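In this note's numbering, the protein residues as written are 13 to 91.
Reviewing the structure listed below.
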Amino acid sequence: MALLRMAALGAAGYGLYKYMTGEKRNHAAFAKGENTDDNFAQFRSSGPAAMAGGKNAEWDATDESSDQSFPASDPPSTY
């Protein structure tokens, strides 16, 4: 029972911390600071630097062209 009480207190403390710091939740696809508005059409910039986990990704020219063309209907010519 004490373990459940400690878990509940920890969760409440974490929630209070997030509320007090005013840190907005970042969506999974966006890098920190990439999408700051509340627009319904949320787009990210192309490239690995604009992705949440993409800074460590190694991209080649095909990856970059594919990311720049999305959501266009025609694929890039570098395939």
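Think of the CB as a built atom: it goes at the ideal place given N, C-alpha and C, for glycine as much as any other residue.
All of these numbers come straight from a predicted model, not from anything done at the bench.
Of the listed residues the options, nearest to residue i (C-alpha basis)
{"i": "Trp-71", "options": "Pro-60, Phe-42, Gly-34", "result": "Pro-60"}
{"i": "Ser-81", "options": "Met-13, Leu-21, Ser-58, Met-32", "result": "Ser-58"}
Presumed contact (8 angstroms Cβ cut-off) between residue i and residue j, rounded CB distance
{"i": "Ala-64", "j": "Phe-42", "result": "6 angstroms"}
Where residue i sits in the DSSP three-state scheme
{"i": "Ala-19", "result": "helix"}
{"i": "Gly-34", "result": "coil"}
{"i": "Ser-81", "result": "helix"}
{"i": "Asp-72", "result": "coil"}
{"i": "Ala-64", "result": "coil"}
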